[in-house]
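**Student:** If you read the sequences in order, they're chains A and B. Basically the working numbering = 1-based index in the first sequence + 9. Basically the working numbering = 1-based index in the second sequence + 9. Glycine included, every Cβ here is placed at the ideal spot set by N, Cα and C.
Number of protein chains: 2
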Amino acid sequence: MNRNKYLTIYQTITREILEGKYPYQSILPSENKLVEMYDVSRETVRKALSLLQSNGYIQKLKGKGSVVIFNEANHFPVSQLISFKEIQESLNLHYETIVERFEVVSAKDFPHVQQALKLGDYEKLWKVVRCRVENGKTAIVDIDYFIQSLMPALSEEVAQQSIYEYIEDRLGLTISFSNKAITFEPFDDDDFDYFGETNPPYAAVVRSVVHLDDTRPFQYNVSKHRANEFKFVDFSRRISAQDE
Amino acid sequence: MNRNKYLTIYQTITREILEGKYPYQSILPSENKLVEMYDVSRETVRKALSLLQSNGYIQKLKGKGSVVIFNEANHFPVSQLISFKEIQESLNLHYETIVERFEVVSAKDFPHVQQALKLGDYEKLWKVVRCRVENGKTAIVDIDYFIQSLMPALSEEVAQQSIYEYIEDRLGLTISFSNKAITFEPFDDDDFDYFGETNPPYAAVVRSVVHLDDTRPFQYNVSKHRANEFKFVDFSRRISAQDE
DNA sequence: TAGTGGTCTAGACCACCCA
DNA sequence: GGGTGGTCTAGACCACTAC
Chain A
10 MNRNKYLTIY QTITREILEG KYPYQSILPS ENKLVEMYDV SRETVRKALS
60 LLQSNGYIQK LKGKGSVVIF NEANHFPVSQ LISFKEIQES LNLHYETIVE
110 RFEVVSAKDF PHVQQALKLG DYEKLWKVVR CRVENGKTAI VDIDYFIQSL
160 MPALSEEVAQ QSIYEYIEDR LGLTISFSNK AITFEPFDDD DFDYFGETNP
210 PYAAVVRSVV HLDDTRPFQY NVSKHRANEF KFVDFSRRIS AQDE
Chain B
10 MNRNKYLTIY QTITREILEG KYPYQSILPS ENKLVEMYDV SRETVRKALS
60 LLQSNGYIQK LKGKGSVVIF NEANHFPVSQ LISFKEIQES LNLHYETIVE
110 RFEVVSAKDF PHVQQALKLG DYEKLWKVVR CRVENGKTAI VDIDYFIQSL
160 MPALSEEVAQ QSIYEYIEDR LGLTISFSNK AITFEPFDDD DFDYFGETNP
210 PYAAVVRSVV HLDDTRPFQY NVSKHRANEF KFVDFSRRIS AQDE
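The following block contains the structure:
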């Protein structure tokens with residue numbers, strides 16, 4: 010049970026939108042109605058609604074109401090910070106995860122990672138390579154680096170399941186934000202090993218540095234996809250620069 | 010001048026962060042300090058700070074303060090909804106815009122566009138193709154479709170300058186949100202014409218449907234980049250699914 | 001213990017939309 | 001004019017951090 014009223018309202022309404030109770034372009038109950046329905050103050054309702062708006066579920070129209078703009082065809086939970094297991098479950102996909110490598114490496118051997126995670130030369134990292142396989146075909150290769158001292162008990166079994174679940178539920182840490190970069194790169198030797206011969210031999214590569222809620226970076230992720238099967242979907246808002 | 014106090018505070022603080030007054034990992038004045046500094050209520054300060062947080066400038070830490078997490082190296086204004094002219098100005102880049110085509114077409118001849126913009130068969134569209142050229146080399150090709158009835162007076166001169174400026178300043182419309190999809194695709198014949206021979210002959214393609222603040226879609230944009238020179242940078246937050 | 005951010009309230013006034 | 005969302009306030013209580 011959430012103690013937070015506004016989060017409860019947010020979660021209830023997202024669920025209702027996803028279930029079709031409020032279809033595309035319909036109008037949510039007015040703020041005052043929601044105040045009565047949930048027995049909270051108007052600012053609390055508004056907090057829930059602004060979350061819905063900034064996450065692309067609704068658009069609020071002055072004088073009219075909150076219009077549902079969520080559209081299954083357009084939205085796809087990729088631009089959010091979400092674990093592979095969660096994506097899979099939310100889309101009812103059935104990939105198999107194969108842990109190809111699970112080992113300890115030195116930060117200084119991976120300068121990009123070391124710099125992104127702000128580590129000293131002698132810090133140790135878990136390096137985990139996982140293939141996401143569907144019908145015997147590798148769809149995604151995830152290469153992850155985690156700071157060992159933060160999670161000394163990480164194991165291959167956990168990597169097989171969900172590392173995010175482990176971090177949040179077992180370690181009690183809160184994953185908060187990330188910077189991502191998407192690029193297009195030719196296959197390297199490892200890619201041929203993991204994906205097999207493919208035409209074209211190009212990968213769409215998503216690199217991200219993921220941070221905890223105290224701003225510490227804890228994960229460096231490189232996620233490789235077959236370039237011709239890759240699609241990244243994003244929702245963005247224009248920063249209101251309005252005067253008047 | 011903004012009437013909005015919280016927007017003024019947000020804009021002031023972003024400017025100060027960009028100017029280096031509050032460097033990476035420094036701590037902003039506390040909410041109570043900001044209340045005094047701007048002579049507003051605490052909720053107003055908090056509204057400005059949550060905007061800063063959701064746009065990736067700061068992370069708020071309970072009991073400590075607001076830490077600046079904006080880092081020039083990581084951030085890049087691509088994931089926001091922003092016009093090419095604005096990007097150019099904010100980065101001090103100097104591309105030349107060449108209007109390759111400026112014509113009227115029928116919605117029914119472009120079914121994807123027609124569907125995305127929810128148009129009838131006989132609606133007319135402005136189709137605009139523009140190359141963004143730097144040192145004689147085409148860096149980006151923008152293919153845009155605008156609903157003609159919304160902006161009957163659009164002209165080649167406007168396309169040469171900034172269509173967004175025209176829409177917002179001249180027509181008084183407010184551009185609000187968009188759905189984007191990024192894919193990697195082999196060059197088609199037009200791409201060879203615009204980019205010339207390039208190795209590899211792949212384009213990073215960003216397709217977006219842009220909406221006004223009353224939720225009407227008004228623009229379908231296809232933005233093509235040389236795949237090997239393309240980098241999309243994004244900031245994302247994990248939806249707090251916390252209980253307790 | 002003092003200071004910080006997180007949540008919530010009740011109420012005010014405004015601008016906008018529509019019948 | 002009645003309903004809708006937008007902004008702002010003053011104040012309350014809580015949880016967390018740091019010393």
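For L102 of chain A, tell me which candidate among A:Y211, A:N144, A:W135, A:V138 has the shortest Cα-Cα distance.
**Tutor:** Start at 1 with the first residue of the first sequence, and residue 102 of chain A comes out as number 93. Nearest option by C-alpha distance: A:N144.
**Student:** Residues of chain B with CB closer than 9 Å to the CB of V242 of chain A, please, in chain order.
**Tutor:** Here the question's residue 242 of chain A lines up with position 233 in the first sequence. The contacting residues are N188, K189, A190, I191.
**Student:** Is there at least one Cβ from chain B nearer than 9 Å to P195 of chain A's Cβ?
**Tutor:** As a working note, residue 195 of chain A is residue 186 in the first sequence. Taking Cβ atoms only, chain B reaches closer than 9 Å to P195 of chain A, which makes this a yes.
**Student:** Using the Cα positions of A162 of chain A and R247 of chain B, report the straight-line distance between them to the nearest angstrom.
**Tutor:** To locate residue 162 of chain A, count along the first sequence from 1; it is residue 153. To locate residue 247 of chain B, count along the second sequence from 1; it is residue 238. Spanning the two alpha carbons is a distance of roughly 24 Å.
**Student:** Can you tell me whether D130 of chain A is buried or exposed, with buried defined as 16 or more other CB within 10 angstroms of its CB?
**Tutor:** Taking the first residue of the first sequence as 1, we reach residue 130 of chain A at position 121. Counting Cβ neighbours within 10 Å, D130 of chain A comes out exposed, since fewer than 16 surround it.
**Student:** Going along the region 218-236 of chain B in order, which residues come within less than 8 Å of chain A, judged by CB to CB distance?
**Tutor:** Under the 8 Å Cβ criterion, the region 218-236 of chain B contributes V218, H220, D222, D223, T224, A236.
**Student:** What does S35 of chain A reach in chain B if we use C-beta pairs closer than 9 Å?
**Tutor:** Here residue 35 of chain A is taken as the residue at index 26 of the first sequence, counted from 1. Correct list: empty, because the minimum Cβ distance to chain B is about 12 Å.
**Student:** May I ask you to list the residues that DSSP assigns as paired with I107 of chain A?
**Tutor:** In the first sequence, the residue the question calls residue 107 of chain A occupies position 98. Looking at the DSSP assignment, I107 of chain A forms a beta bridge with A:C140.
**Student:** Scan the region 59-70 of chain A for residues whose Cβ lies nearer than 8 Å to a Cβ of chain B and list them as they occur along the chain.
**Tutor:** Hits within the stretch, in order: S63, N64, G65, Q68, L70.
**Student:** Out of B:T21, B:K30, B:T183, state which residue places its alpha-carbon closest to the alpha-carbon of L1 of chain B.
**Tutor:** For residue 1 of chain B there is no data in the structure shown, the boundaries of chain B being 10 and 253.
**Student:** How is R255 of chain B classed by DSSP in three states: helix, strand or coil?
**Tutor:** The requested residue 255 of chain B does not occur in the structure, where chain B is confined to residues 10 to 253.
**Student:** Check the Cβ of V76 of chain A against every Cβ in chain B and list those closer than 7 Å, keeping chain order.
**Tutor:** Position 67 of the first sequence, counting from 1, holds the residue named residue 76 of chain A. Correct list: T224.
**Student:** If you reduce the DSSP assignment to three classes, tell me which class P161 of chain B lands in.
**Tutor:** For the purposes of this step, residue 161 of chain B is identified with residue 152 of the second sequence, where counting begins at 1. Coil.
**Student:** With a cut-off of 8 Å on the beta carbons, I'd call K14 of chain B and V49 of chain B a contact; round off their distance for me.
**Tutor:** As a position in the second sequence, residue 14 of chain B is number 5, starting the count at 1. As a position in the second sequence, residue 49 of chain B is number 40, starting the count at 1. That belief holds up - the Cβ atoms of K14 of chain B and V49 of chain B are roughly 5 Å apart, short of 8 Å.
**Student:** Applying the criterion that 16 or more other CB atoms from any shown protein chain within 10 Å of the CB defines a buried residue, is T183 of chain A buried or exposed?
**Tutor:** Start at 1 with the first residue of the first sequence, and residue 183 of chain A comes out as number 174. It counts as exposed.
**Student:** So, helix, strand or coil for S35 of chain B, using DSSP?
**Tutor:** Sequence index remark: in the second sequence, residue 35 of chain B carries index 26 (1-based). It is coil, neither helix nor strand.
**Student:** Using a Cβ cut-off of 9 Å (strictly closer), state whether F155 of chain A contacts chain B.
**Tutor:** Taking the first residue of the first sequence as 1, we reach residue 155 of chain A at position 146. False, the Cβ-Cβ gap to chain B never drops below 9 Å.
**Student:** Quick one: give me the first and last residue of the alpha helix (DSSP H) that S171 of chain A is part of.
**Tutor:** Residue numbering aside, residue 171 of chain A sits at position 162 when the first sequence is read from its first letter. From DSSP, S171 of chain A is part of no alpha helix (DSSP H); its letter is neither H nor E.
**Student:** The alpha helix (DSSP H) that contains E28 of chain B, what's its start and end?
**Tutor:** Residue numbering aside, residue 28 of chain B sits at position 19 when the second sequence is read from its first letter. Counting along the chain, the alpha helix (DSSP H) containing E28 of chain B begins and ends at 14-28.
**Student:** Cβ of I36 of chain A within 9 Å of Cβ of S75 of chain A?
**Tutor:** In the first sequence, residue 36 of chain A corresponds to position 27, counting from 1. In the first sequence, residue 75 of chain A corresponds to position 66, counting from 1. In contact: I36 of chain A and S75 of chain A (Cβ atoms closer than 9 Å).
**Student:** What would DSSP say about N237 of chain A, mapped onto helix, strand or coil?
**Tutor:** Within the first sequence, residue 237 of chain A is the residue found at index 228, counting from 1. Looking at N237 of chain A - three-state DSSP - the assignment turns out to be helix.
**Student:** Just confirm the distance between the C-beta atoms of V185 of chain A and L159 of chain A, as a whole number of angstroms; I'd bet it's less than 8 Å.
**Tutor:** If you number the first sequence from 1, residue 185 of chain A lands on position 176. If you number the first sequence from 1, residue 159 of chain A lands on position 150. This sequence places Ser at residue 185 of chain A; Val is not what is there. That pair is no contact at about 14 Å.
**Student:** In the DSSP assignment, find the alpha helix (DSSP H) that holds Y47 of chain A and state where it starts and stops.
**Tutor:** The residue given as residue 47 of chain A occupies position 38 in the first sequence. Run containing Y47 of chain A: 40-47, per the alpha helix (DSSP H) assignment.
**Student:** When you compare the CB positions of L128 of chain B and V137 of chain B, do they come within less than 9 Å of one another, or not?
**Tutor:** Counting from 1 along the second sequence, the entry for residue 128 of chain B is found at position 119. Counting from 1 along the second sequence, the entry for residue 137 of chain B is found at position 128. No.
**Student:** For I156 of chain B, which beta-bridge partners are listed by DSSP?
**Tutor:** Taking the first residue of the second sequence as 1, we reach residue 156 of chain B at position 147. DSSP lists B:L134 as partners of I156 of chain B.
**Student:** Going along chain B in order, which residues have a C-beta closer than 7 Å to the C-beta of F239 of chain A?
**Tutor:** On the first sequence, position 230 is the one that residue 239 of chain A refers to. Neighbours of F239 of chain A on chain B, chain order: T192, F193.
**Student:** With DSSP as the reference, identify every bridge partner of G74 of chain B, one or two as the case may be.
**Tutor:** What you label residue 74 of chain B is simply residue 65 of the second sequence in a count that begins at 1. Per DSSP, B:L70.
**Student:** Do the region 168-181 of chain B and the region 198-215 of chain B touch if we need at least three Cβ pairs shorter than 8 Å?
**Tutor:** Judged by Cβ distances under 8 Å, the region 168-181 of chain B makes no contact with the region 198-215 of chain B, as fewer than three pairs qualify.
**Student:** Which residues in chain A sit within 8 Å of Y211 of chain B, going by Cβ to Cβ distance?
**Tutor:** Your numbering for residue 211 of chain B matches position 202 in the second sequence. Per Cβ cutoff of 8 Å: F193, P209, Y211, A236.
**Student:** Assign L58 of chain A to one of three DSSP states: helix, strand, or coil.
**Tutor:** Locating residue 58 of chain A in the first sequence gives position 49, counting from the first residue. Three-state DSSP puts L58 of chain A in a helix.
**Student:** Hey, R141 of chain B and D151 of chain B: beta-carbon distance below 9 Å or not?
**Tutor:** Stepping through the second sequence from its first residue, residue 141 of chain B is reached at position 132. Stepping through the second sequence from its first residue, residue 151 of chain B is reached at position 142. Taking 9 Å as the Cβ cut-off, R141 of chain B and D151 of chain B qualify as a contacting pair.
**Student:** For the alpha helix (DSSP H) that P120 of chain B lies in, which residues bound it at each end?
**Tutor:** For this step, residue 120 of chain B is matched to residue 111 along the second sequence. Where P120 of chain B is concerned, the enclosing alpha helix (DSSP H) stretches over 120-125.
**Student:** What would DSSP say about F193 of chain A, mapped onto helix, strand or coil?
**Tutor:** Against the first sequence, residue 193 of chain A aligns to sequence position 184. Correct three-state label for F193 of chain A: strand.
**Student:** Within 10 Å of its beta-carbon, does N8 of chain A have 16 or more other beta-carbons around it, so buried, or fewer, so exposed?
**Tutor:** Coverage of chain A is limited to positions 10 through 253, which leaves residue 8 of chain A absent and any answer about it impossible.
**Student:** Under a Cβ-count criterion, where at least 16 other Cβ atoms within 10 Å of its own Cβ denotes burial, should L70 of chain B be classed as buried or exposed?
**Tutor:** If you number the second sequence from 1, residue 70 of chain B lands on position 61. Flag for L70 of chain B reads exposed.
**Student:** Does the distance from the C-beta atom of F244 of chain B to that of A213 of chain B stay below 9 Å?
**Tutor:** Locating residue 244 of chain B in the second sequence gives position 235, counting from the first residue. Locating residue 213 of chain B in the second sequence gives position 204, counting from the first residue. Contact: no.
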